[in-house]
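Written out below as structure tokens is the structure these notes cover.
Numbering (the UniProt record's numbering), first residue to last: 1 to 334.
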């Protein structure tokens with residue numbers, strides 16, 4: 001109709017079109033059903049979704065959980081039950097409750113082994129972390145042959161600790177050792193590093209650090225590569241030098257990684273045994289006699305398995321407490 005501003009129906013076409021903006025009841029119902037269908041298919045909480053089927057996730061976790069129970073949890077429970085007895089190799093045993101723990105707390109050998117282990121840890125952990133961090137920083141700056149040098153530094157980690165201990169025992173030898181030969185050039189020595197109480201633990205710590213720093217180096221290198229470059233560029237624009245960028249930008253970003261490295265190296269230090277067994281046999285005068293060495297002798301030299309189990313559980317508690325303290329002091333915000 002002229003003057004109405006609305007076009008009339010065109011011959012040959014339906015009166016109601018599906019053009020945009022059509023709000024007829026049929027189209028509203030169709031749009032509502034379509035929206036509901038898409039919502040059900042996209043929602044994770046829809047029928048058949050993961051939240052309605054928690055057993056699917058449990059199926060994936062079950063194998064690892066079973067392995068943990070069989071090889072981790074059950075041995076700990078068994079060791080605790082064994083520590084309440086005086087079980088020996090003969091198979092005869094009596095229930096003695098907490099006598100093994102009472103005996104352990106008053107054992108002077110345990111006190112000495114604990115002191116040796118703590119001293120070794122205090123030397124080994126900072127040495128390994130600093131060596132790993134320094135090497136990781138250097139590799140992060142190197143572009144040429146980075147993969148080659150990364151493999152070279154990681155190589156000692158995949159070698160046997162027994163082989164590494166034998167090699168370093170030759171290096172420390174007072175008569176023909178490489179280290180004393182170098183010191184002899186400046187009129188120092190010879191020094192018998194492995195038979196003196198003041199040098200035996202640092203010598204073993206250096207050996208263990210050389211053997212194991214490659215693993216922590218790779219973890220720290222990955223952490224360095226994950227630091228956003230925009231942060232470093234912003235600090236550079238603000239005039240921060242190399243040390244300032246490392247201290248105020250890189251280190252805070254590395255804090256979770258450093259905490260992880262600190263924990264695993266501390267746990268490894270408290271479990272030291274192989275290097276001491278091969279290089280010194282616990283000497284001189286038990287100056288390198290660790291808690292694990294004490295556990296080994298109690299169980300496999302004197303066959304006092306109940307007492308050895310008590311030592312193992314006390315060591316477990318010590319490591320747990322140290323890890324929690326580290327978490328409190330270092331990683332509380334991570």
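Glycine is no exception: its CB is placed at the ideal position from the N, C-alpha and C atoms.
Residue from the options whose Cα sits closest to the Cα of residue i
i	options	result
residue 293	112, 171, 232	112
residue 169	298, 277, 74	277
residue 82	99, 161, 105	99
residue 226	249, 325, 179	249
residue 205	279, 90, 300	279
residue 301	124, 330, 65, 89	89
residue 208	124, 76, 107	124
residue 119	316, 296, 327, 289	289
residue 194	217, 287, 235	287
residue 86	303, 203, 55	303
residue 161	196, 212, 200	212
residue 192	251, 284, 106	284
residue 72	316, 326, 328, 59	316
Unbroken alpha helix (DSSP H) run spanning residue i, endpoints
i	result
residue 99	99 to 105
residue 253	251 to 270
residue 208	197 to 225
residue 298	291 to 300
residue 74	74 to 83
residue 231	229 to 237
residue 174	Careful: residue 174 lies outside any alpha helix (DSSP H) and carries neither H nor E.
residue 54	54 to 68
residue 248	Careful: residue 248 lies outside any alpha helix (DSSP H) and carries neither H nor E.
residue 157	Premise fails: residue 157 is in no alpha helix (DSSP H) and is neither H nor E.
residue 193	First-last for residue 193: undefined, no H or E at that position.
residue 123	108 to 141
DSSP bridge partner residues for residue i (one or two, in chain order)
i	result
residue 280	In DSSP, residue 280 forms no bridge with anything.
residue 327	Residue 327 pairs with nothing; no bridge assigned.
residue 95	85
For residue j and residue i, believed in contact at Cβ under 8 Å, the rounded distance
i	j	result
residue 104	residue 314	6 Å
residue 174	residue 190	5 Å
residue 154	residue 139	Not confirmed; about 10 Å, so no contact.
residue 171	residue 178	5 Å
Proximity test, residue i beta-carbon vs the ligand NAD heavy atom, cut-off 6 Å
i	result
residue 320	For the ligand NAD, the structure offers nothing, since it holds no ligand at all.
- Message: Can you confirm whether the stretch 253 to 265 touches the stretch 117 to 129 when touching is taken to mean that 3 or more C-beta pairs between the two stretches lie within less than 8 Å?
- Response: yes
- Taking 8 Å as the threshold, find out whether the stretch 305 to 324 comes into contact with the stretch 227 to 246 through three or more Cβ pairs. no
- Pairing CB atoms from the stretch 91 to 98 with CB atoms from the stretch 269 to 286, are three or more of them under 8 Å? no
- Query: With contact counted as at least three CB pairs below 8 Å, one residue from each stretch, are the stretch 135 to 150 and the stretch 216 to 235 in contact?
  - Reply: yes
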